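In the working numbering, the protein residues as written are 12 to 142.
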């Protein structure tokens, strides 16, 4: 009986570690916002404008992650490119990574630079064992 309890606890701890790691990759928006704030932490007292698009907002960004009071975090949807250019940081997300880079390079290469890319957990494939 004691071995079963210990085995259950070990299995539970291992499973928790695996699933926690996988679930962290489900929130690329939160990772991106945290990375922006770490990278630009020297500007925490300056008025910085950050635009968060719908995809990024749906993937982990919440008011609890907005660390700097001087920064404006804007989640307004359907803004024109001319409106987006005024932002210091643009968080642009998509289910297709190449699509995001294409949008950024086509519309914002003259005003912004691509700082980094955050990849998300895309899917779990059912791998059939070979017969």
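Beta carbons are placed, not taken as given, at the ideal position from N, Cα and C, and that holds for glycine. None of these values were measured; they are calculated from a predicted model.
Asked	Found
Going by beta carbon distance, what residues of the same chain come within less than 6 angstroms of residue 181, once the five residues before and after it are set aside?	In the structure as shown, the chain begins at 12 and stops at 142. Residue 181 is therefore absent and cannot be evaluated.
My understanding is that residue 36 touches residue 131, with C-beta atoms under 8 angstroms, so please give their C-beta distance in whole angstroms.	6 angstroms
Under 8 angstroms between the Cβ atoms of residue 34 and residue 66?	no
Are there 16 or more other CB atoms within 10 angstroms of the CB of residue 103, so buried, or fewer, so exposed?	buried
Using three-state DSSP, classify residue 96 as helix, strand or coil.	coil
Is the segment 44–59 touching the segment 75–91, taking contact as three or more C-beta pairs under 8 angstroms?	yes
What do you get for residue 14, buried or exposed, if any count of 16 or more other CB atoms within 10 angstroms of its CB means buried?	exposed
Please give the ranges of any beta strand (DSSP E) in the segment 62–134, keeping only runs that are unbroken, at least 3 residues long and fully inside the region.	83–85 and 100–102
What span of residues does the alpha helix (DSSP H) with residue 36 cover, start to end?	That residue, residue 36, is in no alpha helix (DSSP H); it is neither H nor E in DSSP.
May I ask you to report which of helix, strand or coil DSSP gives residue 60?	strand
Kindly list the residues whose CB is nearer than 7 angstroms to the CB of residue 43, restricted to its own chain and excluding five residues on each side of it in sequence; keep chain order.	67, 102 and 129
If you draw a straight line from the C-alpha of residue 63 to the C-alpha of residue 50, how long is it?	17 angstroms
Can you list, in chain order, the residues of its chain with a C-beta nearer than 6 angstroms to that of residue 184? Leave out the 5 residues immediately preceding and following it.	There is no way to answer for residue 184, as the model of the chain reaches only from 12 to 142.
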